[in-house]
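If you use my numbering, the sequence shown closes out at 406, no skipped numbers anywhere.
Note that CB positions come from ideal geometry on N, CA and C, so glycine has one too.
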Amino acid sequence: YISPDTIFVAAISFIAIGFQGRRLDVLEANASLQAHRNEPLEEDTSGLSHKMNSLRSRRKLQNEVVLDIKAMNKDSLMIKKSIKSIEARMGAMEESSAGERVDRSLAGSPFQKVGDWWVADNTMFQFPKGIVIGKKNTHCEYGDAVLSVDYGWEGEAVNCPSGHGSVAFGLANQATGDFATVTGGKFNVASGFASVLMGGRLNEVTGDSSAVIGGELNKATGTYAAVLGGDNNEAAGWSTAVAGGGNNKAYGSYSVVTGGQNNNANGPSASVTGGDSNDAKGEKSSIVGGNKNIVEEEGSYSTIGGGHNNVAIEKYAIVTGDSIDKAFIERIETLEQHSPFTCDTSRCVSDKKTFKFTSDIRVKGKIHQNPDHTINIGN
């Protein structure tokens, strides 16, 4: 590279040399002509010789200046090459120094780079505070010894393991209870101590040591309770379970609803296997299926095998199909034989106008007084 200033100086010098050389040639021609004519021009010739010598000196000086300029340009190129060489060496030294710093900083580290991967040694790692893989949720107060895998949603982190020792995977899941775990699904909350929520959507575990496996809008609110799936199910009692179905509830301790819909297992250790709108209220009672069957609280250890609108109100009663509780039928027959009442499955009627009771009267249901001053007893 030759600078514009250098080119300008060189051009002016060459032009000047050309003019001086041309003038010198003219003077030499005139001198030669005068000598040829042999005229007495010694004085003029002497002056002309002096001028020619002066021009020759200037021409020599200009030639030397041009050579100096060329040498300077050559030196300038050499200097630039030297600078580039020095810069390249400095860059290499900087890279080497950086590599040495990395090597020194990784000295004793359990990691080594293999291709595009950092590979750890075959050893154990301890992270007292926790690990966040993916995005950090700035709105979450992370607990101690937590694990979060958060890909994020619309550029924002959404999982929050705020309980100590908790884990949150999936999308927009919260593990707020200590030692709680949410391993998948979305919009789920595990707030119970050591609770587990494995997947599904909009599920909630508030009971300690309880679990929801999947489904939607399910709740495990009792201690040691579990909901396996379905929707809108709730295991609320101690050690209760709902296996599936919809809108089923297990309230009694150790009670179970296997499936169906709108079924309730309210009694302790009661169970409803399936069907629709069945209610097992008696202790250790069971309803196998059917529709709108009820085992009353008095019907402990009773069973309804199916059918429609069946009721078991005695202990150890068995109702199969569309039959009525056998013990209840026997009581109706006994009542009809020894009383002024005629009874069916829902009420007893008498043609007597007055009654005398020598002991207390136990009434189940509501008492209604009619306009004619008669009384109806029932629901």
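Q.
Please classify residue 201 as buried or exposed, where buried requires at least 16 neighbouring CB atoms within 10 angstroms.
A. It is buried - the Cβ of residue 201 has at least 16 other Cβ atoms within 10 Å.
Q: Go ahead and pull the three-state DSSP assignment for residue 231.
A: In this structure, residue 231 counts as strand in the three-state DSSP scheme.
Q) Counting along the chain, where does the beta strand (DSSP E) carrying residue 139 start and finish? A) Annotation: the continuous beta strand (DSSP E) that includes residue 139 extends over 138-141.
Q: Indicate the three-state DSSP secondary structure (helix, strand or coil) for residue 90 in the structure shown.
A: If DSSP states are grouped into helix, strand and coil, residue 90 belongs with the helices.
Q.
Rounded to whole angstroms, what is the Cα-Cα separation between residue 309 and residue 176?
A. Cα to Cα, the separation comes out at about 46 angstroms.
Q. Taking the beta strand (DSSP E) that residue 177 falls in, what are its first and last residues?
A. Here the beta strand (DSSP E) through residue 177 covers 173-177.
Q | First through last residue of the beta strand (DSSP E) which encompasses residue 157 | A | 157-161 is the extent of the beta strand (DSSP E) around residue 157.
Q | Start-to-end residues for the beta strand (DSSP E) that takes in residue 375 | A | From DSSP, the beta strand (DSSP E) with residue 375 extends over 375-377.
Q. Are the CB atoms of residue 267 and residue 285 nearer to each other than 8 angstroms?
A. Result no, Cβ atoms of residue 267 and residue 285 do not sit closer than 8 angstroms.
Q: Measure the beta-carbon distance from residue 208 to residue 219 and round it to whole angstroms, keeping in mind my assumption that it falls under 8 angstroms.
A: So it is not a contact: roughly 11 angstroms between Cβ atoms.
Q: Excluding the 5 residues preceding and the 5 following residue 320 in the sequence, name in chain order all residues of the same chain whose CB lies nearer than 6 angstroms to its CB.
A: Within the same chain, residue 320 has close Cβ partners 305, 314, 331, 337.
Q: Inspect the beta-carbon positions of residue 407 and residue 258 and report whether they are closer than 8 angstroms.
A: Any question about residue 407 goes unanswered here, given that the chain covers just 28 to 406.
Q | Cβ pair residue 164, residue 187 closer than 8 angstroms | A | Yes, these two residues count as a Cβ contact at 8 angstroms.
(Q) Let me check you understand the geometry: is the CB of residue 322 closer than 7 angstroms to at least one non-hydrogen atom of the ligand ADP? (A) Absence of the ligand ADP from the depicted structure is noted, as is the absence of any ligand whatsoever, leaving it without description.
Q.
Using only the alpha-carbon positions, how far apart do residue 377 and residue 366 sit?
A. Answer to the nearest angstrom: the Cα atoms are 9 angstroms apart.
**Q.** Residue(s) in a DSSP beta bridge with residue 321
**A.** DSSP links residue 321 through a beta bridge to 306, 338.
Q: Would you give the residue range spanned by the beta strand (DSSP E) that residue 146 belongs to?
A: Note, residue 146: beta strand (DSSP E), 144-147.
Q: Give a yes or no on whether the C-beta atoms belonging to residue 273 and residue 288 are separated by under 8 angstroms.
A: Yes, the pair counts as a contact, with Cβ atoms nearer than the cut-off.
(Q) Give me the residue from 144, 148, 141, 142 with the minimum Cα distance to residue 135. (A) For the residues 144, 148, 141, 142, the minimum Cα distance to residue 135 belongs to 148.
Q | Alpha-carbon to alpha-carbon, residue 210 and residue 254 | A | Taking the straight line joining both Cα atoms gives about 16 angstroms.
Q: Could you tell me the distance, in whole angstroms, from the CA atom of residue 228 to the CA atom of residue 120?
A: Each residue's Cα considered, the two are about 58 angstroms apart.
Q | Alpha carbon of residue 276 to alpha carbon of residue 302, nearest angstrom | A | Residue 276 and residue 302 have their alpha carbons spaced roughly 13 angstroms apart.
Q | Close-in-space but distant-in-sequence residues of the same chain around residue 327 (CB under 7 angstroms, 5 per side omitted) | A | Excluding positions up to five away in sequence, the list reads 309, 310, 311, 312, 342.
Q. Do residue 249 and residue 237 have their C-beta atoms within less than 8 angstroms of each other?
A. The answer is yes: Cβ separation under 8 angstroms.
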